[in-house]
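One point on numbering: in full-length UniProt numbering, the residue at position 463 of the sequence shown is 463, and numbering is uninterrupted.
Just so it is clear, CB atoms sit at the ideal spot from N, CA and C, and this is done for glycine as well.
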Amino acid sequence: MEQEKAIQDTLLEYINISASKRIQFVQKIIGFIGVITFTLEMAAFDAFENIQHKLITLSFYFAPWLINQFGKKWPSSLPYFSFILGEFYNIGVVYICYFIFPEYSTIFCLMGPYISSYYQTYLLKGATISFLFSVKQTFLWISPGLYLSKIPKDNIPMLLTHIFLLILLQSISYYFDYQKALEICKSKIEAKNLSTQMSLILETIPDYIMVISKNMIKLFDNTSLGVLMGDKDLAVFLKEFYYKSKFDSKLEKDADFYEDIKNTFNFHLNTSFSFGIIEYSTELIEWNGKIVQWDEREALIISGRNVKKIIRLEKEKAENEYRSMLVNTVSHELRTPTNAIMTIASLMKQSESLSVVNKERLDIIIGSCSFQISLINDLLDYAQIVAGCLKICTIPFVLSQLLDDCINYIEIQLGDEIKFFRDFRNIPEIIITDPNRLKQIILNLLSNARKFTRKGSITLKATYKFPQLYIKCKDTGIGMPSEKKSKLFTLFGKLDDSSIANPQGVGLGLMISNMLVKKLGGSNIIVDSSIGKGSKFSFSIPAELPDINICDIPDEKAKVSIPFFLVKSLSNRKEILVVDDIFFNIQVYMHLFKDEGIKCEYALNGEEAVNLIKNKIYSCILMDCEMPILDGWETTKKLHELKLKGIIKKLPPIIGATAHSNSDIREKCLSSGMDDLIIKPCEKEVLVKKILHWIQE
Numbered sequence: 001m002e003q004e005k006a007i008q009d010t011l012l013e014y015i016n017i018s019a020s021k022r023i024q025f026v027q028k029i030i031g032f033i034g035v036i037t038f039t040l041e042m043a044a045f046d047a048f049e050n051i052q053h054k055l056i057t058l059s060f061y062f063a064p065w066l067i068n069q070f071g072k073k074w075p076s077s078l079p080y081f082s083f084i085l086g087e088f089y090n091i092g093v094v095y096i097c098y099f100i101f102p103e104y105s106t107i108f109c110l111m112g113p114y115i116s117s118y119y120q121t122y123l124l125k126g127a128t129i130s131f132l133f134s135v136k137q138t139f140l141w142i143s144p145g146l147y148l149s150k151i152p153k154d155n156i157p158m159l160l161t162h163i164f165l166l167i168l169l170q171s172i173s174y175y176f177d178y179q180k181a182l183e184i185c186k187s188k189i190e191a192k193n194l195s196t197q198m199s200l201i202l203e204t205i206p207d208y209i210m211v212i213s214k215n216m217i218k219l220f221d222n223t224s225l226g227v228l229m230g231d232k233d234l235a236v237f238l239k240e241f242y243y244k245s246k247f248d249s250k251l252e253k254d255a256d257f258y259e260d261i262k263n264t265f266n267f268h269l270n271t272s273f274s275f276g277i278i279e280y281s282t283e284l285i286e287w288n289g290k291i292v293q294w295d296e297r298e299a300l301i302i303s304g305r306n307v308k309k310i311i312r313l314e315k316e317k318a319e320n321e322y323r324s325m326l327v328n329t330v331s332h333e334l335r336t337p338t339n340a341i342m343t344i345a346s347l348m349k350q351s352e353s354l355s356v357v358n359k360e361r362l363d364i365i366i367g368s369c370s371f372q373i374s375l376i377n378d379l380l381d382y383a384q385i386v387a388g389c390l391k392i393c394t395i396p397f398v399l400s401q402l403l404d405d406c407i408n409y410i411e412i413q414l415g416d417e418i419k420f421f422r423d424f425r426n427i428p429e430i431i432i433t434d435p436n437r438l439k440q441i442i443l444n445l446l447s448n449a450r451k452f453t454r455k456g457s458i459t460l461k462a463t464y465k466f467p468q469l470y471i472k473c474k475d476t477g478i479g480m481p482s483e484k485k486s487k488l489f490t491l492f493g494k495l496d497d498s499s500i501a502n503p504q505g506v507g508l509g510l511m512i513s514n515m516l517v518k519k520l521g522g523s524n525i526i527v528d529s530s531i532g533k534g535s536k537f538s539f540s541i542p543a544e545l546p547d548i549n550i551c552d553i554p555d556e557k558a559k560v561s562i563p564f565f566l567v568k569s570l571s572n573r574k575e576i577l578v579v580d581d582i583f584f585n586i587q588v589y590m591h592l593f594k595d596e597g598i599k600c601e602y603a604l605n606g607e608e609a610v611n612l613i614k615n616k617i618y619s620c621i622l623m624d625c626e627m628p629i630l631d632g633w634e635t636t637k638k639l640h641e642l643k644l645k646g647i648i649k650k651l652p653p654i655i656g657a658t659a660h661s662n663s664d665i666r667e668k669c670l671s672s673g674m675d676d677l678i679i680k681p682c683e684k685e686v687l688v689k690k691i692l693h694w695i696q697e
């Protein structure tokens, strides 16, 4: 509807303008035509001879001037005046044709359609009006002929048929002229709309756009470039540009930006250019251009984009990626010796000849290593958060078992002056969420409570109301002022007073825990604390209930019950291969397996391992993933290839060992052909259980 109205408005505007131009044009040339006509008239007749024709001719010359005067006074009525003028001319020509110069009737009859076309038919709108005008025009010319018997009436059917055909052909012609005018108006509206839209786009986008002619004149610019350029001359403006980095090899290496702009016109039409990054004032702008045809002349369109923020963001991204890579690498390297220390300390602690004091010292070593591992885990999680690759894996698990694990971990770290209380109400046996991330959050909150509680109690409360799991950790520690609560969840957020009271930690735990709560579908961790009265940390996450029985969930604490005589029997007949590039790791494994009665051999890299496996059959392979020369993944792939070729007749199960703990590492190990995976540091019981399981397989 709006488009139809716009078309009619445009058509009306066209009619008004056209009527004005047509009448003005006739008025301008009427004098010239009048002089010629009167000269011919006077040459052919005396002054008072043929007076009727002279009077009609004078009225023809006077009428356009009169109509134009009316048009100036009533401009909106000009189309009606044009129609009246056309009708006046039509009647006058009909009179001359039939009553003054009938011998020249053919010429005057031909003039009729042109008069109508010039003054009237462009005003017609629609099929009905076109038909009525055709009827009027036809009978205007035929009626005098019939009245004066100039048109024969002896064959009425033929006469009526041709009159009808004349009306029909005129109607069709006028109607299609109207349709053509509508299409032109429609095209004009579309072109106008497109031009408006393009102007809006050019004015809205922040890019700098300019069109430059071959003689270095600015033909067009958008608002952004106008603001950048100000009132400077084009040459002065372009000469203030300095290349930060030049991209296009087609351009002269040592030329400045102004010279490059001039030299682009030496290339063919439609040639594109990527000039490079230009430094202008404090901005960095990347410029591109193309040779085009602009208003029938060759021109260069150049567009510039401010890339200062993009370059800064790319720099920050690269720095973040480097930091993440550094944290991952350092964390991995820290895990490896920590794993060895913890394992050896655990083996030493099992010795019956140790004194109580030495066992306490070993407990300190193991506890310190555990704390270091928790810091490493925080760093790894932070690296994953920065890299945007922290993933959540939701599975069904036994909730009470997870809570017990958290409590067991924290209880052994509490002294005699701190009591631990649990309050579990209406919790289901099994829920569905990410158990590892949930455990990490709870352990962080419990560890935080332990750090800042000197005496009193720590309480862990868990409740469930479908579909939300509610966790609350309460302590009677030192507390904190309310204005400092928000700092807890920021990067390296450590309260000054708290860090003096207990300087442990790097300030990542609570920030990561808060982010994990959000990842699991919850909102922020809520803190309620008062100085000297303790703190309360609480959160809730959605946790669905599975449609399966508890017996379908494997018990994470279940032990593989293998009789001692079977272990000895297996160890006497089987041998495993340990592949690791760090020798003290190998020593740890050999001590550990020796205590379990398991024989083992070692290789320091992947190539050594391949050569050993070619010549000897092992019952299991413990393969470190990160090694020089040939890493664990490539070694595993190569072993499978050799088995397919028949070079290795039997390939034993391969267990990958890595200090990386991100969610993609398991998929990488399994896709390379490994059968299982351990994350270092790994508890002795878990490692032995896996080894014995795969030896049996």
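- Take the alpha-carbon of D675 and the one of Q401: they are about 27 Å apart.
- Per DSSP, the continuous alpha helix (DSSP H) segment holding Y114 begins and ends at 105 to 119.
- A direct Cα-to-Cα measurement between T658 and T271 gives close to 54 Å.
- The C-alpha of F257 lies about 14 Å from the C-alpha of F265.
- For Q293, the uninterrupted beta strand (DSSP E) segment begins and ends at 283 to 294.
- Apart from the 5 residues on each side of it in sequence, D207 sits with its Cβ closer than 6 Å to the Cβ of S303, R305 in its chain, given in chain order.
- Spanning the alpha carbons of A63 and I100 requires a straight line of approximately 20 Å.
- The DSSP-derived three-state label of M480 is coil.
- A Cβ-Cβ contact shorter than 8 Å links L577 with A609.
- Distance between L166 and P79, taken at the CA atoms: about 26 Å.
- Pairing K153 with L159, the inter-Cα distance amounts to about 7 Å.
- The C-alpha of I366 is placed about 28 Å away from the C-alpha of F397.
- In its chain, beyond the 5 residues on either side, K244, S245, L284, E286 have a beta carbon closer than 6 Å to the beta carbon of I277.
- The straight-line gap separating the alpha-carbon atoms of A181 and K317 is approximately 59 Å.
- In the structure shown, M511 falls within a helical segment according to DSSP collapsed to helix, strand and coil.
- Minimum Cα-Cα distance from Y280 among the listed residues D295, L238, H268, D248 corresponds to L238.
- When rounded, the separation of the alpha-carbon atoms in T635 and N288 is 49 Å.
- Using a 10 angstroms sphere on the CB of P75, the tally of other CB atoms stays under 16, which defines it as exposed.
- In this structure, P428 is the residue among P428, K461, E641, C620 with its C-alpha nearest to the C-alpha of D547.
- Of the candidates G71, E2, L347, G71 places its Cα closest to the Cα of A19.
- From the listed residues I310, L219, A235, S353, the smallest Cα separation to E296 is found for L219.
- Its chain contains T338, I341, M342 as the residues whose beta carbon lies nearer than 6 Å to that of C369, once the 5 sequence neighbours on both sides are disregarded; these appear in chain order.
- Taking all protein chains in view, the Cβ of F81 is crowded by 16 or more other Cβ atoms within 10 Å, so the residue is classified as buried.
- Ranked by how close their Cα comes to the Cα of G112, the residues G532, G86, E103 have G86 in first place.
- The beta-bridge partner set that DSSP reports for D207 is empty.
- By the C-beta density criterion, F60 is buried, having at least 16 other C-beta atoms within 10 angstroms.
- Excluding the 5 residues flanking it on each side, P144 has same chain C-beta neighbours closer than 7 Å at V94, Y98, in chain order.
- In terms of CA proximity to V588, L622 leads the group L622, N611, Q440, K616.
- F220 sits in a strand when the DSSP states are folded into three classes.
- In the DSSP assignment, R437 falls within the alpha helix (DSSP H) that extends over 435 to 451.
- Contact between the stretch 175 to 195 and the stretch 20 to 36 is absent: fewer than three C-beta pairs spanning the two stretches fall below 8 Å.
- Between Y470 and S540, the CB-CB gap stays under 8 Å.
- Nearest neighbour of I33 by Cα position, chosen from R450, Y14, D231, L58, turns out to be L58.
- Residue nearest to K684 within the set L592, F108, R437 is L592 (criterion: CA-CA distance).
- Excluding five sequence positions before and after Q137, the CB atoms of its chain that fall closer than 7 Å to its own CB belong to S116, Q170, given in chain order.
- The beta carbons of T476 and S457 sit closer together than 8 Å.
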